[in-house]
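Enquirer: The structure under discussion is supplied below as structure tokens; questions concerning it will follow.
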Amino acid sequence: MLEGSARGLWWLALGLGCAPAPPASRGNASCAGCHPTQARALASSRHSRATESDLFRALRARASTADRAFCDGCHTVHDVPGEEGAGCVTCHQAGGNRGVSNARLVLDLQGPVRGPFGSATSAHRSAPGDFLRSADLCGTCHEVQGPGAFVETPYSEWSASPAAQSGITCAGCHMARSPGDPEAPRERGPAAVGGPDRALTDHAFVGPEHQRAAELLGRSASLAMHVVPNGATLRVEVTMTNRNTAHALPSGARFARELWLEVRALTDQGTTVLAGAPEDPRRVELGDRVTRNGLPALPTASDPPEVRALPAAGSRTVTLELPASVGGSPVRALTAVLRFRRNDPRLRQALGLPPDPTGPLDLAAVTHAL
Amino acid sequence: MTPHRALLLALPAALSLLPSLARAQTRDGGWRQGHPLALGARASVRAGDYALVGLGGHLRVQPHRLVTLELFADHFVGTLNDALRHDHEVGGIVQLNVLRGDSWALYPLLGACATLAFVHSPQSGGPTVNDIHFGVRVGAGGQVSLGRGFGLQAQVEALGYLGHPFQVYRFTAQTAPDLALYGLGQLTTALNYSF
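The listed protein sequences correspond, in order, to chains F and E.
Counting in the numbering used here, the first sequence runs from 12 upward without gaps.
Counting in the numbering used here, the second sequence runs from 621 upward without gaps.
This is the structure in structure tokens:
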């Protein structure tokens with residue numbers, strides 16, 4: 012953990028009975044030697060790549076100087092050459108905040124390394140960290156109040172949620188071995204090389220942009236469908252339910268997400284999308300609607316967004332009138348699918364970005380045979 | 621022992637010394653009327669919208685027998701939602717010595733002050749926030765000679781402050797964006813020496 016001559020000085024000082032704080036090395040690499048499992052997981056996380064997103068970079072480039080500094084408060088909090096985003100010290104040497112929002116994190120780089128156990132080690136001073144275990148730490152960055160459409164409210168949603176009432180924190184789902192399942196048994200192993208076996212947390216922080224997003228999002232929603240034939244049309248009621256009891260669906264950077272309901276008809280001729288195609292005026296969407304004076308706008312210059320997300324553990328029923336036949340073939344079955352794309356293609360196009368290579372994920376589906 | 625508890629213990633100890641000083645009063649009253657300058661050490665307790673105890677000092681100037689100007693500096697400590705709060709205050713008051721004897725005086729007072737207030741999060745390594753509060757104060761007090769140039773002074777004041785509220789809870793310490801008014805009552809005792 013300590014490098015070269017610094018280690019020598021540390022032991023010298025220890026021998027003199029006046030052990031100083033170890034040098035405040037802020038790089039993840041300095042932690043990886045003793046905590047390789049956590050370092051590998053963190054390297055796969057969006058936390059350690061918070062500036063990699065081309066969407067983020069394009070939006071940041073359009074922001075004012077003051078707003079860029081605002082963005083960087085969370086996206087480059089690590090501030091170590093060669094490493095981006097949030098790193099080990101961002102959480103493990105956080106002392107508190109000046110408000111649970113807008114990157115008002117207070118780092119205590121001269122203080123001990125906070126952990127869930129605070130076990131003593133020769134590598135660094137240690138202390139148990141209540142702040143580390145709290146949702147307040149996460150909320151310091153995952154609660155954003157503007158400018159424009161940059162309104163992200165996961166922490167305040169969680170604060171009022173059933174999950175908060177039952178004591179489930181952000182880490183309960185996003186650091187679970189099985190993302191989104193706080194009840195899943197945690198992996199056991201040493202938290203540091205040579206240490207005792209413990210229940211470990213997953214430092215991949217799986218979220219909607221992580222490579223394992225499907226594991227998390229697959230638990231997030233359910234659909235129910237009721238179909239009533241009505242002459243030449245079908246009256247279709249689809250109920251969308253957010254199974255997540257901790258925050259809305261979608262949450263976080265909703266202005267960038269595309270989450271929509273698609274209804275497909277199965278006929279003798281094949282499968283046809285009846286509702287939810289990109290140009291369909293009846294398209295049901297759950298991502299934020301970002302406009303300026305009623306016209307589509309970039310989030311960097313928008314009015315406060317229209318929130319269409321499902322609240323935590325909430326449901327919404329939509330009714331669609333759809334044709335009972337397609338091209339003369341009667342509809343044999345209807346399938347409703349809730350689909351998710353991490354970047355809304357319309358936003359990417361407006362920013363001059365190529366289409367996101369990541370395809371849509373199907374969060375939930377239900378089929379009704381006629 | 622926390623600093624404000626130490627002050628709470630020190631205050632009665634200082635007051636217990638006063639009777640012996642009073643017995644040492646000389647026939648000239650020790651009040652030294654006409655001496656225009658005095659220095660004093662003081663202890664205060666304030667309570668209301670928040671509570672603090674403090675120690676400080678003052679310089680008293682008497683340009684006229686009916687008027688005393690007092691410039692003071694006080695340091696207060698206390699807790700706010702388990703966080704340590706310490707205030708550092710400077711200000712001045714005007715006393716009108718409307719009732720006055722050879723070795724005593726009673727007076728109404730009016731003053732103003734400015735306070736630099738700090739709050740330290742209860743979390744180790746947590747945030748510290750500060751703000752400047754401006755206040756006005758009215759009250760009444762009295763002073764009595766203890767002899768040999770020493771005098772005992774006590775006064776009660778109503779204080780009104782304008783400043784940003786501190787918000788402290790669990791891991792957070794911050795100042796709210798909107799100004800707020802605070803009301804407090806303060807009891808101050810002081811030991812003065814006239815030159």
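Glycine included, each C-beta is placed from N, C-alpha and C at the ideal position.
So which of F:Pro158, F:Pro127 and F:Ser130 has the shortest CA-CA distance to Ser313 of chain F?
Expert: Walking along the first sequence from the start, residue 313 of chain F turns up at place 302. Taking only the C-alpha atoms, the option nearest Ser313 of chain F is F:Pro158.
Enquirer: What is the DSSP secondary structure of Ser10 of chain F, reduced to helix, strand or coil?
Expert: Since the first residue shown for chain F is 12 and the last is 381, residue 10 of chain F is missing from the structure and cannot be characterised.
Enquirer: What residue from E:Leu672, E:Trp724, E:Gly805 and E:Val714 has the CA that sits closest to Val697 of chain E's CA?
Expert: By 1-based counting over the second sequence, the position of residue 697 of chain E is 77. Closest option to Val697 of chain E, Cα to Cα, is E:Leu672.
Enquirer: Residues of chain E with a CB under 9 Å from the CB of Gly106 of chain F: which are they?
Expert: Here residue 106 of chain F corresponds to residue number 95 of the first sequence, with the count starting at 1. Chain E residues near Gly106 of chain F: Ser741, Gln743, Ser744, Gly745, Gly746, Pro747 and Phe791.
Enquirer: Is it buried or exposed, Arg73 of chain F, if we count other Cβ atoms within 10 angstroms and call 16 or more buried?
Expert: Indexing the first sequence from 1 puts residue 73 of chain F at position 62. Result: exposed.
Enquirer: In the DSSP assignment, what residue or residues form a beta bridge with Met251 of chain F?
Expert: The sequence position of residue 251 of chain F within the first sequence is 240, counting from 1. Bridge partners of Met251 of chain F: F:Leu234 and F:Arg327.
Enquirer: Over the uninterrupted alpha helix (DSSP H) stretch that includes Gly711 of chain E, give me the two end residues.
Expert: Residue numbering aside, residue 711 of chain E sits at position 91 when the second sequence is read from its first letter. Note, Gly711 of chain E: premise wrong, no alpha helix (DSSP H); beta strand (DSSP E) at Ala703 to Leu716.
Enquirer: Give the secondary structure of Leu260 of chain F by DSSP, where H, G and I count as helix, E and B as strand, and everything else as coil.
Expert: Within the first sequence, the letter at position 249 stands for residue 260 of chain F. In the structure shown, Leu260 of chain F sits in a strand (DSSP, three-state: E or B).
Enquirer: Run down chain E in chain order and give the residues with a C-beta less than 7 Å from the C-beta of Gly110 of chain F.
Expert: Within the first sequence, residue 110 of chain F is the residue found at index 99, counting from 1. Correct list: Thr792 and Gln794.
Enquirer: Along the segment 158-170 of chain F, what residues have a CB closer than 8 Å to any CB found in chain B?
Expert: Looking for chain B here will not work: the only protein chains present are F and E.
Enquirer: Our contact map puts Thr792 of chain E next to Gly218 of chain F with C-beta atoms below 8 Å; I'd like the distance itself, whole angstroms only.
Expert: On the second sequence, residue 792 of chain E is found 172 positions in, with the first residue counted as 1. On the first sequence, residue 218 of chain F is found 207 positions in, with the first residue counted as 1. About 24 Å; that fails the 8 Å criterion.
Enquirer: Beta-carbon of Ser41 of chain F versus every beta-carbon of chain E: anything under 8 Å?
Expert: Start at 1 with the first residue of the first sequence, and residue 41 of chain F comes out as number 30. Cβ-Cβ to chain E under 8 Å: no for Ser41 of chain F.
Enquirer: Which residues of chain E have a Cβ atom closer than 8 Å to the Cβ of Gly98 of chain F, listed in chain order?
Expert: Working through the first sequence from its first residue, we reach residue 98 of chain F at position 87. The premise fails here: Gly98 of chain F is roughly 17 Å from chain E at the closest Cβ pair, so nothing lies under 8 Å.
Enquirer: Are Arg197 of chain F and Thr212 of chain F closer than 8 Å when you measure CB to CB?
Expert: Residue mapping note: residue 197 of chain F aligns to position 186 of the first sequence, counting from 1. Residue mapping note: residue 212 of chain F aligns to position 201 of the first sequence, counting from 1. A contact, by the Cβ cut-off of 8 Å.
Enquirer: Please name the residue or residues paired with Asp373 of chain F in a DSSP beta bridge.
Expert: Indexing the first sequence from 1 puts residue 373 of chain F at position 362. According to DSSP, Asp373 of chain F bridges with F:Arg350.
Enquirer: Tell me, please, whether the segment 343-357 of chain F touches the segment 218-229 of chain F by the rule of three or more beta-carbon pairs shorter than 8 Å.
Expert: yes
Enquirer: Kindly indicate which residue of E:Leu679, E:Leu689, E:Gly712 and E:Leu726 has the alpha-carbon position closest to the one of Ala774 of chain E.
Expert: For the purposes of this step, residue 774 of chain E is taken as residue 154 along the second sequence, with counting starting at 1. Nearest to Ala774 of chain E by alpha-carbon distance, out of E:Leu679, E:Leu689, E:Gly712 and E:Leu726, is E:Leu726.
Enquirer: List, in chain order, every chain E residue whose beta-carbon is nearer than 7 Å to that of Phe142 of chain F.
Expert: Stepping through the first sequence from its first residue, residue 142 of chain F is reached at position 131. Within 7 Å Cβ-Cβ: Gln743 and Phe791.
Enquirer: If you reduce the DSSP assignment to three classes, tell me which class Pro356 of chain F lands in.
Expert: In the first sequence, residue 356 of chain F corresponds to position 345, counting from 1. Pro356 of chain F falls in the helix class under three-state DSSP.
Enquirer: Nearest to Ser231 of chain F by alpha carbon, out of F:Val239, F:Ser177, F:Ala257 and F:Pro92?
Expert: Taking the first residue of the first sequence as 1, we reach residue 231 of chain F at position 220. Considering only alpha carbons, the answer is F:Ala257.
Enquirer: By Cβ distance below 6 Å, which residues in the same chain neighbour Val756 of chain E in space, the five residues on each side in sequence not counted?
Expert: Taking the first residue of the second sequence as 1, we reach residue 756 of chain E at position 136. These residues qualify, in order along the chain: Ala732 and Gly780.
Enquirer: So is Ser41 of chain F buried or exposed if we call it buried at 16+ other beta carbons inside 10 Å?
Expert: Taking the first residue of the first sequence as 1, we reach residue 41 of chain F at position 30. Per the 10 Å Cβ criterion, buried.
Enquirer: In chain order, what residues of the same chain lie with their CB nearer than 8 Å to the CB of Thr244 of chain F, ignoring the 5 residues before and after it?
Expert: In the first sequence, counting from the first residue as 1, residue 244 of chain F sits at position 233. Correct list, in chain order: Glu332, Leu333, Pro334 and Ala335.
Enquirer: Within 8 Å, do at least three Cβ pairs link the segment 680-692 of chain E to the segment 708-723 of chain E?
Expert: Contact holds: three or more Cβ-Cβ distances are below 8 Å.
Enquirer: Mind checking Val687 of chain E: buried by the 16 CB within 10 Å criterion, or exposed?
Expert: For this step, residue 687 of chain E is matched to residue 67 along the second sequence. Result: exposed.
Enquirer: Once you ignore the five residues that flank Asp669 of chain E on each side, which residues in its own chain have a CB closer than 7 Å to its CB?
Expert: Taking the first residue of the second sequence as position 1, residue 669 of chain E is located at position 49. Excluding sequence neighbours, Asp669 of chain E sits near Tyr802, Gly803 and Leu804.
Enquirer: Looking at the secondary structure, which residues open and close the alpha helix (DSSP H) in which Gln49 of chain F lies?
Expert: Along the first sequence, read from residue 1 onward, the residue named residue 49 of chain F stands at position 38. Residues Pro47 to Ser55.
Enquirer: Cα separation between Gly650 of chain E and Leu704 of chain E?
Expert: Here residue 650 of chain E is taken as the residue at index 30 of the second sequence, counted from 1. Here residue 704 of chain E is taken as the residue at index 84 of the second sequence, counted from 1. Residue placement at Gly650 of chain E cannot be trusted, given a pLDDT of 39 that sits under 50; what the coordinates show is reported in the next sentence. Cα to Cα, the separation comes out at about 41 Å.
Enquirer: Could you pull out every residue in the same chain whose Cβ sits closer than 6 Å to the Cβ of Val776 of chain E, ignoring the five residues on either side in sequence?
Expert: If you number the second sequence from 1, residue 776 of chain E lands on position 156. Counting only residues of its own chain and dropping the five nearest sequence neighbours on each side, Val776 of chain E has a CB closer than 6 Å to the CB of Gly759 and Leu807.
Enquirer: I'd like to know if the segment 158-167 of chain F and the segment 194-208 of chain F are in contact, where contact means that at least 3 CB-CB pairs between them fall below 8 Å.
Expert: Cβ pair count under 8 Å is below three, so no.
Enquirer: For the alpha helix (DSSP H) holding Gly183 of chain F, just list the boundary residues, first then last.
Expert: To locate residue 183 of chain F, count along the first sequence from 1; it is residue 172. Cys181 to His185 is the extent of the alpha helix (DSSP H) around Gly183 of chain F.
Enquirer: Please tell me whether Asp119 of chain F has its Cβ less than 8 Å away from any Cβ of chain E.
Expert: Taking the first sequence and counting its residues from 1, the one referred to as residue 119 of chain F is at position 108. For Asp119 of chain F, the nearest beta carbon of chain E is closer than 8 Å to its own beta carbon.
Enquirer: Would you say Gly122 of chain F faces chain E, with C-beta separation under 8 Å as the test?
Expert: Here residue 122 of chain F corresponds to residue number 111 of the first sequence, with the count starting at 1. Yes, contact with chain E.
Enquirer: Could you work out which residue in F:Asp141, F:Ala69, F:Thr62 and F:Ser326 is closest to Leu234 of chain F when comparing CA atoms only?
Expert: Working through the first sequence from its first residue, we reach residue 234 of chain F at position 223. Comparing Cα positions, the closest option is F:Ser326.
Enquirer: In this structure, does DSSP put Cys733 of chain E in helix, strand or coil?
Expert: Residue mapping note: residue 733 of chain E aligns to position 113 of the second sequence, counting from 1. Strand.
Enquirer: What in chain E is Cβ-close to Phe213 of chain F, meaning under 8 Å?
Expert: Working through the first sequence from its first residue, we reach residue 213 of chain F at position 202. Checking the sequence, you will find Asp at residue 213 of chain F rather than Phe. Those do not exist, as Asp213 of chain F stays about 23 Å from chain E at its closest Cβ, beyond 8 Å.
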